[in-house]
Amino acid sequence: MTKNKKTNLVIFAVLTAVIGGCAANTSKENTEKAKEDSQVLNIAADSEMDTMDTTISTTNFTAMNNVFDGLLSYDLSGEIVPADSKDMPEISEDGLTYTFTIREDANWSNGTPVTAADYQFAWQRMVDPANGSGYAYLFSGIIKNAEAILASEKTVDELGIEAVGDKTVKVTLEQPVPYFINLLTIPAYFPQNEAYVTEQSKNYGLSAETTIYNGPFVLSDWTAAEGNSWKYVKNDGYWDKDTVKLDAVNAQVVKEIGTGINLYDSGQLDTFSLSGNFVPQYKNDEDFKTKDKAWIYYLELNQEIPELANKNIRKALMTAIDRKNFTENVLQDGSEPIYGHVPRGLAKNPETTVDFREEAGNIASFDVEKAQEAWEEGLKELDKKEITLELTTSDTEDSKKLAEFIQSEYQNNLSGLTIEIRQMPDNSRLDNVKKGDYQMATTYWSADLADPINFVERFSTEINRGNYSYEDVDKWIEKSNQQYNDLSGRWESMIQAEKVALGEHYVDIPIYQTAEPYLEQSYVKDIYLPVFGSTSYKYAYLDKAQ
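Letter by letter, the sequence shown follows residues 30 to 575 of the working numbering.
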């Protein structure tokens, strides 16, 4: 080989190495850039989803609020804004008629336009007694004839909603309702496409493939039968798609906090809710955040159980729990004890701006001596020396803690009481409570709208799941519903309803109001986390280039 040939080979080898190195660097840079530009959020859910049918589900609201739109919605600042409706409604002077015009570019994910008939069909389905919808009560006494329809006294086609042509929805109320537009933001008032629901029959809402969507995302990779994970994928046919920055949201069910922490620390989750055990460990971490929630945990009592039908037994149960001890030493997550049903921060008196909880004050209390006195009196009335009660609870970590704490408090403070814990998945717990297949049950309720009635009305004969009926409670609730033009009087009626239900009849046991401590990567932006209602990813995005 000549000297020139050797020299050429050396030059070629050097150039190859340089070019190869440049290509490798370029490839690495492209990979890093792709990671920075990726708009895929990874989240955890604490329980499975049983259905996407908005007329059936009483849970799964986060999913539903991300894949469906109603007539109105909340923007990132928490203001109510048009969604399927192109404008805010026209309201008659008497407050009884609301007229909406559906936007022309509102479509279902199968390409079918959203129409006024979709709202009429869904609302009629909600109040059809044959469907047994858990949220039908949100129509009763509000939408004209809903109460009579639910009582089988009228037919669903007499409900106060009319499709005027393809795009105009005319709603007639039973009476003026000051919070009606708030109701329109929740899944119970969302539309359904009749042709599609009919075609899918019993399969509707039981998988991603047997559901169609009109919201910012569509559901993917999910079935109710195997629902441990799912995906929200950006809906390219959504009318407001330009606002949606995320391409997808990957969700997986994580019931154990330790598992979630590991997934977060390893980069498999971008945000994760903590429990008390981990708050001290992470509270000084730059990723640690907290969010107040209008969400309470309480103990439901089934008054069909003879022991729980006894007022003194219920009074003893009300006063035998040290709520502060539970929140400060067990949960340790920022949650606070609550001594009424309406949570702090939900709503203020329209005239004085005083918070409802502050104005209504504490109804429940912790007083072992009074609890024991009521307990002994109750046992005497029942002619018993001992009682065993079953406590139904879900299998989430916080629910287990609460059940075990209640068991300890009651067995230590009330002589002769034995608590047997019955654990199950949360959906099963809810089904059992609905059917009345429980004695006591840990449960929770979160606000759907910023109005105390959302909590107070749950004491009514029509709605409560404790199988009780108290005329004085119903009277105050009904009075509040009649006071549309007397906001101060309505406020006082709701205060009285709560006071009578909890302070005189001890219908259930409020325990604590949640705060949500969580970890969130610094690149996660603008997830909508309201004090009440459901999380929305419509406005969220990732900024990994920061």
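Note that beta-carbon positions come from the ideal geometry of N, C-alpha and C, so glycine has one too.
Taking C-beta separations shorter than 6 Å and ignoring five residues to either side along the sequence, the partners of methionine 81 in its chain run Gly234, Thr240, following chain order.
With respect to glycine 532, isoleucine 392 sits close: the two C-beta atoms are nearer than 7 Å. Straight through space, the alpha carbons of arginine 343 and glycine 407 are spaced by roughly 9 Å. Here tyrosine 326 carries a strand assignment [DSSP, helix/strand/coil]. Relative to serine 498, the option among Pro379, Leu375, Ala338, Val206 whose CA is nearest is Ala338. By a beta-carbon distance limit of 8 Å, alanine 376 contacts proline 481. Their separation comes to about 5 Å. Taking each of Asp460, Phe301, Ser457 in turn and checking the Cα distance to glutamine 550, the smallest one comes out for Phe301.
For serine 249, the uninterrupted beta strand (DSSP E) run begins and ends at 246-249, by DSSP. Remark: C-beta atoms of aspartate 299 and asparagine 71 approach each other more closely than 7 Å. In this chain, tryptophan 152 is not harboured by any beta strand (DSSP E); it is covered by the alpha helix (DSSP H) spanning 145-156. Between asparagine 94 and serine 563, the C-beta gap is smaller than 7 Å, which places the two residues in contact.
The three-state reading of DSSP puts lysine 554 in strand, counting E and B together. Rounded to the nearest whole angstrom, the C-alpha separation of phenylalanine 395 and arginine 352 is 8 Å. Straight-line spacing of the CA atoms in aspartate 276 and valine 247 works out to 11 Å. Across the structure, glutamine 68 and leucine 571 are spaced so that their CA atoms are roughly 6 Å apart. Rounded to the nearest whole angstrom, the CA to CA distance from asparagine 341 to threonine 348 is 11 Å. Closest in C-alpha terms to aspartate 460, from the list Ala476, Asp157, Arg494, Glu119, comes Arg494. DSSP, reduced to helix, strand and coil, places tryptophan 474 within a strand of the structure shown. Closest in alpha carbon position to isoleucine 448, among Asp455, Lys429, Glu419, is Glu419. Proximity of the stretch 317-331 to the stretch 377-389 falls short of the contact definition, fewer than three beta-carbon pairs being nearer than 8 Å. For valine 96, no beta strand (DSSP E) segment is defined; the enclosing uninterrupted segment is the alpha helix (DSSP H) at 90-96. Residue Tyr148 holds the alpha-carbon nearest to the alpha-carbon of glycine 189 among Ser162, Tyr148, Tyr164, Gly161.
Here the stretch 219-235 makes no contact with the stretch 114-126; the two share fewer than three CB pairs at distances below 8 Å. For leucine 101, the secondary structure class from DSSP, reduced to helix, strand or coil, is strand. Minimum Cα-Cα distance from tyrosine 208 among the listed residues Leu105, Asp271, Tyr127, Asn456 corresponds to Tyr127. With at least 16 other beta carbons inside 10 angstroms of its own, asparagine 243 counts as buried. Alanine 165 and glutamine 310 have their alpha carbons spaced roughly 43 Å apart.
Methionine 453: member of the beta strand (DSSP E) spanning 446-453, first to last residue.
Annotation: the stretch 141-222 contains the following complete segments of the alpha helix (DSSP H) (minimum length 4 residues), in chain order: 145-156, 175-179, 209-212. In this structure the stretch 176-183 does not touch the stretch 210-221; the number of beta carbon pairs closer than 8 Å is below three. Here tyrosine 557 is near tyrosine 568, since their CB atoms are less than 7 Å apart. Shown here, tyrosine 225 sits in a helix according to DSSP, grouped into three states. Beta bridge pairing from DSSP links phenylalanine 129 with Val198. Bridge partners of tyrosine 547 according to DSSP: Ser302, Lys318.
Counting C-beta pairs closer than 8 Å gives fewer than three between the stretch 255-272 and the stretch 156-171, which falls short of the contact rule. Non-local beta-carbon contacts of valine 485 in its own chain, meaning distances under 6 Å to residues more than five positions away in sequence, involve Met523, Ala526, Glu527 in chain order.
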